[in-house]
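Below is one structure, written out as structure tokens; the observations come after it.
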Amino acid sequence: MYESDGDYWERVCKSIREQIAELQAKDLRENHVSEEEAREALSHHLEQLERLGATLEDDICGILRKVEASAKIKKEIEAKEEKLRECTSEMFSAKGY
Numbered sequence: 000m001y002e003s004d005g006d007y008w009e010r011v012c013k014s015i016r017e018q019i020a021e022l023q024a025k026d027l028r029e030n031h032v033s034e035e036e037a038r039e040a041l042s043h044h045l046e047q048l049e050r051l052g053a054t055l056e057d058d059i060c061g062i063l064r065k066v067e068a069s070a071k072i073k074k075e076i077e078a079k080e081e082k083l084r085e086c087t088s089e090m091f092s093a094k095g096y
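Residue 0 is where the sequence shown starts when you use numbering that gives the first Met the number 0, and the numbers rise one by one after that.
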């Protein structure tokens, strides 16, 4: 059966929405840093710096890695959302809206 242009763009838009949802879930699953976790890590290392002259290490670096990874995923989500806007426009155009 022949797929109309409108149906094609609707399918493409749905696929992009699913990709965005997957990226958002991945970001939350892999890179979420709670406010409490960040505060505890910072507090711990500030105390070490005061008492021992220690340097910032794994906890802070781990949080910074998560923040960096999250920023990368958010950029990818933004690009997909732009693609979704274009796709939606094509779909509406093809369906005559």
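Glycine residues also receive a C-beta, built at the ideal position from the N, C-alpha and C atoms.
Since the structure is predicted, the reported quantities are computational estimates derived from the model, not experimental observations.
What is the DSSP secondary structure of residue i, reduced to helix, strand or coil?
i, result
"G5", "helix"
"K82", "helix"
"S33", "coil"
"K94", "coil"
By alpha-carbon positions, which one of the options ends up nearest to residue i?
i, options, result
"A77", "D6, W8, R64 and L22", "Sequence check: residue 77 is Glu here, not Ala. Residue L22 is the option with its Cα nearest to E77."
"D26", "G95, A70, R84 and E81", "A70"
"R28", "Q47, I59 and I72", "I72"
Which same chain residues, not among the five before or five after residue i, have their C-beta less than 7 Å away from its C-beta?
i, result
"W8", "C86, E89, M90 and A93"
"E39", "none"
"Q124", "For residue 124 there is no data in the structure shown, the boundaries of the chain being 0 and 96."
"S33", "none"
Whose C-beta lies closer than 8 Å to the C-beta of residue i among residues of the same chain, with five residues either side of it excluded?
i, result
"E75", "L22"
"A37", "I62"
"E82", "Before going on, a small fix: residue 82 reads as Lys here, not Glu. Correct list, in chain order: I15."
For residue i, which residues in the same chain have their Cβ closer than 6 Å to its Cβ, ignoring the five residues on either side in sequence?
i, result
"A68", "N30"
*asked:* Does the structure place the region 5 to 15 close enough to the region 62 to 76 that three or more beta carbon pairs sit under 8 Å?
replied: no
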